[in-house]
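To convert, note that position 103 of the sequence shown is 142 in this note's numbering; the numbers rise steadily by one, no gaps. Quick reminder that beta carbons are idealized off the backbone N, C-alpha and C, glycines included. It should be emphasised that the depicted structure is a prediction, and the values quoted were computed from it without experimental measurement. Notes for the one structure printed next.
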Amino acid sequence: MALTRAVIPLCARNFNSGVSLQQRVASHSNRAHEDLDGTQTHAESGFFTPFWRNTLFLSLAAVGFYKWAPKSDEKAYLTKWLSHYSTPREVWTAINEQQLLRSQEVAVNNVLQTSAQRPSMVRYRYPQALEQSSPHLQPIGAATHVSYNEKHAE
Numbered sequence: 040m041a042l043t044r045a046v047i048p049l050c051a052r053n054f055n056s057g058v059s060l061q062q063r064v065a066s067h068s069n070r071a072h073e074d075l076d077g078t079q080t081h082a083e084s085g086f087f088t089p090f091w092r093n094t095l096f097l098s099l100a101a102v103g104f105y106k107w108a109p110k111s112d113e114k115a116y117l118t119k120w121l122s123h124y125s126t127p128r129e130v131w132t133a134i135n136e137q138q139l140l141r142s143q144e145v146a147v148n149n150v151l152q153t154s155a156q157r158p159s160m161v162r163y164r165y166p167q168a169l170e171q172s173s174p175h176l177q178p179i180g181a182a183t184h185v186s187y188n189e190k191h192a193e
């Protein structure tokens, strides 16, 4: 029973809601006649508005730039200032030439070292020391005896 009483108000239609909707659509707001009220203020119109002030400043800036801008054969002021505080071109040219000479010397040394070979014949520092040794101080089997390989005259 309590459930039925709770559902009945939800299912019931409000027949007056259609009438109020029609009244809302037919009515109009008070905003339609604000210009007749006299309380609304309009923005001032004239030559002292921010638009004309900014236009005047921009035109003065354009005239000043045209008057004091550098000629076509002169450098701009920013370019002159940058060249004044930067390192001259001749200094960089000298540095680059020195670096080129150093790198060329390193390249020549690298080629020399990579193409280097050991000498084809070994030169002893003291060759007379070879003849001072005694043939009798040789251990057995260290010296090869090749006298029987010589060709004998017949």
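- Message: Considering just the uninterrupted stretch of the alpha helix (DSSP H) at residue 95, what are its terminal residues?
- Response: 89-107
- Task: Give the DSSP-derived three-state secondary structure of residue 81 in the structure shown.
- Result: coil
- Message: I'd like to know whether the C-beta atoms of residue 109 and residue 115 end up nearer to each other than 8 angstroms.
- Response: yes
- residue 163 in three-state terms, based on DSSP: coil
- Go to residue 122, then tell me how far its alpha helix (DSSP H) extends in each direction, as first and last residue. 116-124
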